[in-house]
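Take 19 as the starting number for the sequence shown in my numbering and just add one per residue. Ideal Cβ positions, reconstructed from N, Cα and C, are used throughout, including at glycine. If you're wondering where the values come from, they're calculated on a predicted model, not measured in any experiment. Encoded as structure tokens, the structure appears first; notes follow it.
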Amino acid sequence: MKYLSAIVLAAIFLALSGSGVMAAEVPVGGVVTIASSPIGTEGTTLYGSAYSYNPTITIISVAEDATVTVQGYNFPPNDTFYVRMNYMGTQGKSGVIVETITSDSSGNLTDTTYPIPSELDGEYQIALRIISPASGYFAYNWFYNNSSGTGGIPTTTTGYSGIPTFAITAVKRDINVTIGPTNFPPNDTFWVRMNWMHTQGIAGVVVQTVTTDANGNLSDLDYPIPAFLHGSYQIAIRLESINYPYYYAYNWFYNNSTY
Numbered sequence: 019m020k021y022l023s024a025i026v027l028a029a030i031f032l033a034l035s036g037s038g039v040m041a042a043e044v045p046v047g048g049v050v051t052i053a054s055s056p057i058g059t060e061g062t063t064l065y066g067s068a069y070s071y072n073p074t075i076t077i078i079s080v081a082e083d084a085t086v087t088v089q090g091y092n093f094p095p096n097d098t099f100y101v102r103m104n105y106m107g108t109q110g111k112s113g114v115i116v117e118t119i120t121s122d123s124s125g126n127l128t129d130t131t132y133p134i135p136s137e138l139d140g141e142y143q144i145a146l147r148i149i150s151p152a153s154g155y156f157a158y159n160w161f162y163n164n165s166s167g168t169g170g171i172p173t174t175t176t177g178y179s180g181i182p183t184f185a186i187t188a189v190k191r192d193i194n195v196t197i198g199p200t201n202f203p204p205n206d207t208f209w210v211r212m213n214w215m216h217t218q219g220i221a222g223v224v225v226q227t228v229t230t231d232a233n234g235n236l237s238d239l240d241y242p243i244p245a246f247l248h249g250s251y252q253i254a255i256r257l258e259s260i261n262y263p264y265y266y267a268y269n270w271f272y273n274n275s276t277y
């Protein structure tokens, strides 16, 4: 009998272990509570529909190899941001974090003068990026590294206003997803990214590059599901502009063919 009991206990242990393995294979996240409508910007999720602005920064002044002062506009309230600097042409991506700042309840930045890191001393032009590690909101610009305080790029040159959004219109499990876009900026290029659920598609695999015409119509609406997401229950998808990264939209979908 003791041997039989040992076998039964071993079987129970294996069964429980097996269920643990299955649980580990469930996609990251859990029950989603924002499935009722397409999501246009990260602010729609994190701050409510009342927040729908695009954060931008303007260069105010520069002290060569010392500091740069900016003016921030339309930043989300009560958020924390990294201030990054990097070589010109990088948009500040993966740059040195020179400071961590916050925004107040009105979206005003608590500090607007930032030190230029020694790694960039002597550079003719420097890229600056302010990005929230929590919400994903960011703005970038650049400046001439001299004391005349000049530089910077236009934050918007298209005359476009509003928020791009898209709905999920069809899915073929592990094959592709089709979207229905609304209010995308004209004459722009977008990366289509996919990633695990609850990532908002941030840093996802670029599965396709699409463009918009003069009326904001996307060149393609069907996008392949990458292999690493095959079998996932839910998938996050994100379209983000290459030229104006503050233009983006994200949503998610069930990875099945019931749409």
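task: Mark PRO151 as exposed unless 16 or more other C-beta atoms lie within 10 angstroms of its C-beta, in which case mark it buried.
output: Exposed, by the Cβ-count rule.
Identity of the residues DSSP links to GLY107 by a beta bridge: The beta-bridge partner set that DSSP reports for GLY107 is empty.
- prompt: To the nearest whole angstrom, what separates the beta carbons of THR118 and THR87, a pair I think is in contact under 8 Å?
  reply: Rounded, the Cβ-Cβ distance is 17 Å, inconsistent with contact.
- prompt: Which partner residues does VAL116 have in the DSSP bridge list?
  reply: DSSP lists no partner for VAL116.
- prompt: With a CB to CB cut of under 6 Å and the five nearest residues on each side skipped, what residues in its chain are close to ALA267?
  reply: Counting only residues of its own chain and dropping the five nearest sequence neighbours on each side, ALA267 has a CB closer than 6 Å to the CB of GLY58, PRO182, THR183, PHE184, LEU257.
field: Environment of ILE144 [buried if 16+ CB atoms lie within 10 Å]
entry: Taking a 10 Å sphere around the C-beta of ILE144, we find 16 or more other C-beta atoms and assign the residue as buried.
message: Rounding to the nearest angstrom, what Cα-Cα distance links ASN205 and LEU239 in this structure?
response: Answer to the nearest angstrom: the Cα atoms are 16 Å apart.
CA-to-CA distance, ILE78 to THR108, given in whole angstroms: Approximately 21 Å, taken between the alpha carbons.
- prompt: Applying the criterion that 16 or more other CB atoms from any shown protein chain within 10 Å of the CB defines a buried residue, is PHE161 buried or exposed?
  reply: Classification for PHE161: buried.
query: With which residues is GLU258 paired in a DSSP beta bridge?
result: BP columns for GLU258 point to TRP209, TYR266.
query: Is ILE260 near THR207, with beta carbons less than 8 Å apart?
result: A contact, by the Cβ cut-off of 8 Å.
task: Can you have a look at ALA221 and say buried or exposed, based on whether 16 or more other CB atoms are within 10 angstroms of its CB?
output: Exposed, since its Cβ has fewer than 16 Cβ neighbours within 10 Å.
message: Does PHE246 come out as helix, strand or coil in the three-state DSSP assignment?
response: PHE246 sits in a helix when the DSSP states are folded into three classes.
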